[in-house]
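The block underneath contains the structure these notes are about, expressed in structure tokens.
2 protein chains.
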Amino acid sequence: MNETTAPAPPERMTQHWTFAMLHAAQAIGDSLETALGRVGLSMAKQSALTQLAQAGEPLTLSELAARLSCVRSNITQLVDRLEADGLVKRIDDASDRRSVRAALTALGRKKQVAGAEEVARVQAEITRRLSAAERRALEIALGSLT
Amino acid sequence: MNETTAPAPPERMTQHWTFAMLHAAQAIGDSLETALGRVGLSMAKQSALTQLAQAGEPLTLSELAARLSCVRSNITQLVDRLEADGLVKRIDDASDRRSVRAALTALGRKKQVAGAEEVARVQAEITRRLSAAERRALEIALGSLT
DNA sequence: ACTGTATTATACATACATGAACGAGACCAC
DNA sequence: GTGGTCTCGTTCATGTATGTATAATACAGT
Numbered sequence: 033m034n035e036t037t038a039p040a041p042p043e044r045m046t047q048h049w050t051f052a053m054l055h056a057a058q059a060i061g062d063s064l065e066t067a068l069g070r071v072g073l074s075m076a077k078q079s080a081l082t083q084l085a086q087a088g089e090p091l092t093l094s095e096l097a098a099r100l101s102c103v104r105s106n107i108t109q110l111v112d113r114l115e116a117d118g119l120v121k122r123i124d125d126a127s128d129r130r131s132v133r134a135a136l137t138a139l140g141r142k143k144q145v146a147g148a149e150e151v152a153r154v155q156a157e158i159t160r161r162l163s164a165a166e167r168r169a170l171e172i173a174l175g176s177l178t
Numbered sequence: 033m034n035e036t037t038a039p040a041p042p043e044r045m046t047q048h049w050t051f052a053m054l055h056a057a058q059a060i061g062d063s064l065e066t067a068l069g070r071v072g073l074s075m076a077k078q079s080a081l082t083q084l085a086q087a088g089e090p091l092t093l094s095e096l097a098a099r100l101s102c103v104r105s106n107i108t109q110l111v112d113r114l115e116a117d118g119l120v121k122r123i124d125d126a127s128d129r130r131s132v133r134a135a136l137t138a139l140g141r142k143k144q145v146a147g148a149e150e151v152a153r154v155q156a157e158i159t160r161r162l163s164a165a166e167r168r169a170l171e172i173a174l175g176s177l178t
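Right, dumping it as structure tokens:
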């Protein structure tokens with residue numbers, strides 16, 4: 033019928049700040065993804081490599097899943113791809129035969145460093161778009177959203 | 033500001049604000065996804081339904097892709113799923129036989145409204161976590177990131 | 001009219017994420 | 001020990017995203 037002209041409630045919520053947030057995060061993610069692509073990595077791969085590098089020792093897949101805040105089945109596949117790339121190697125855990133540990137290869141270590149450099153470059157470039165005051169306000173607001 | 037090529041003192045860049053941003057966006061996205069799940073929708077589906085509702089008329093899949101800022105092949109599949117859910121219907125374009133238009137069904141319109149309510153609820157709840165000053169600062173900073 | 005080029009939607013391969021179900025192993029009562 | 005239960009990694013189904021290739025159609029210039 034004439035629903036089109038009905039006194040519908042306000043349609044004004046079309047640009048809530050949460051959407052701007054999702055959009056900005058998407059843009060940052062895209063930039064990181066592009067930069068990492070130049071060294072043959074993705075954000076998921078770089079995150080995993082970085083966790084392994086920071087741990088300083090092979091981690092069980094469950095531990096890796098916990099540090100990356102994702103489910104274990106995801107890690108199974110991610111480590112599959114990292115292993116196919118030769119960046120990581122699965123090793124059996126001696127003390128618990130259920131466990132499998134992901135160990136960085138030499139190439140994996142090298143790629144992680146290259147990836148970290150790309151990430152830092154993008155972060156610096158993006159940060160340059162904010163004034164110091166804006167950046168501080170942003171950090172504070174983001175802290176409140178935890 | 034010797035971030036660029038410091039001789040690797042402590043590894044302190046582990047929490048750049050960009051990561052806090054991605055993390056916060058992830059949290060917001062998860063909340064929206066969960067809320068929308070209560071009415072049987074996902075963010076992707078809700079976004080598509082909302083674009084169709086706002087357009088007020090059936091849109092070609094390319095037009096929908098443009099409005100959702102994603103590639104056309106993605107829309108093909110998304111509309112497949114929406115069609116399977118009975119929320120949308122493909123109709124042939126009379127004036128250009130290459131084109132296919134996505135039209136909301138009655139159920140689709142209803143679900144879109146329900147989804148929008150869920151979204152608004154989540155947005156209100158999240159916004160409550162910020163002070164007015166924080167929210168304003170956040171909006172300004174996000175504007176600078178465009 | 002014919003011919004190249006652009007555009008449409010789609011199919012396919014791939015990447016990344018989730019959740020459910022499963023076999024294998026560890027572990028805790030009893 | 002044996003039985004129940006928890007944890008480990010994997011597999012599978014599904015959703016969402018990308019990019020590439022392709023068939024059909026539209027359209028421009030000749």
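First to last, the sequence lines map onto chains A and B.
Residue numbers 33 to 178, in the working numbering, belong to the letters of the first sequence in order.
Residue numbers 33 to 178, in the working numbering, belong to the letters of the second sequence in order.
For glycine and all other residues, C-beta sits at the position ideal for the given N, C-alpha and C.
Computed from a prediction, not measured in an experiment: that's the story for all the values here.
Go through its chain and collect everything with a Cβ distance to residue i's Cβ below 7 Å, but skip five positions before and after it.
i                      : result
residue 116 of chain B : none
residue 94 of chain B  : 104
residue 139 of chain B : 118, 119
residue 137 of chain A : 118, 119, 120, 121
residue 146 of chain A : 71
residue 128 of chain A : none
residue 141 of chain A : 85
residue 102 of chain B : none
Got a sec? Which residues, its chain only, sit under 8 Å from residue i by beta carbon, not counting five neighbours each side?
i                      : result
residue 133 of chain B : 90, 91, 92, 93, 122, 123, 124, 125
residue 171 of chain B : none
residue 113 of chain B : 77
residue 162 of chain B : 170
Which residues does DSSP pair with residue i in a beta bridge?
i                      : result
residue 121 of chain B : B/135
According to the neighbour-count rule (16 or more other Cβ atoms, all chains shown, within 10 Å of its Cβ), is residue i buried or exposed?
i                      : result
residue 79 of chain B  : buried
residue 66 of chain A  : exposed
residue 111 of chain A : buried
residue 109 of chain B : exposed
residue 144 of chain B : buried
residue 50 of chain A  : buried
residue 173 of chain B : buried
residue 164 of chain A : exposed
residue 33 of chain A  : Residue placement at residue 33 of chain A is poorly supported in this model, since its pLDDT is 41, which falls under 50; the coordinates are not used for a value here.
residue 169 of chain A : buried
For residue i, which residues from the same chain have a beta carbon less than 6 Å from its beta carbon, with the 5 sequence-adjacent residues on both sides left out?
i                      : result
residue 107 of chain A : 93, 96, 97
residue 99 of chain B  : 83
residue 135 of chain B : 90, 121, 123
residue 175 of chain A : none
residue 36 of chain B  : A caution first: residue 36 of chain B carries a pLDDT of 32, below 50, which makes its placement in the model too unreliable to give a value.
residue 184 of chain A : Missing from the structure shown is residue 184 of chain A; chain A here goes from 33 to 178 and no further.
residue 69 of chain A  : none
residue 167 of chain A : none
Three or more C-beta pairs below 8 Å linking the segment 150 to 165 of chain A and the segment 64 to 73 of chain A: yes
The segment 79 to 90 of chain B / the segment 155 to 164 of chain B touching (three or more Cβ pairs under 8 Å): no
Touch test, the segment 53 to 68 of chain A against the segment 45 to 56 of chain B, Cβ-Cβ under 8 Å, three pairs minimum: yes
Segments of 3+ residues assigned as beta strand (DSSP E) that fall wholly inside the segment 72 to 107 of chain A: none
Complete beta strand (DSSP E) runs within the segment 139 to 166 of chain B (minimum length 3 residues, chain order): none
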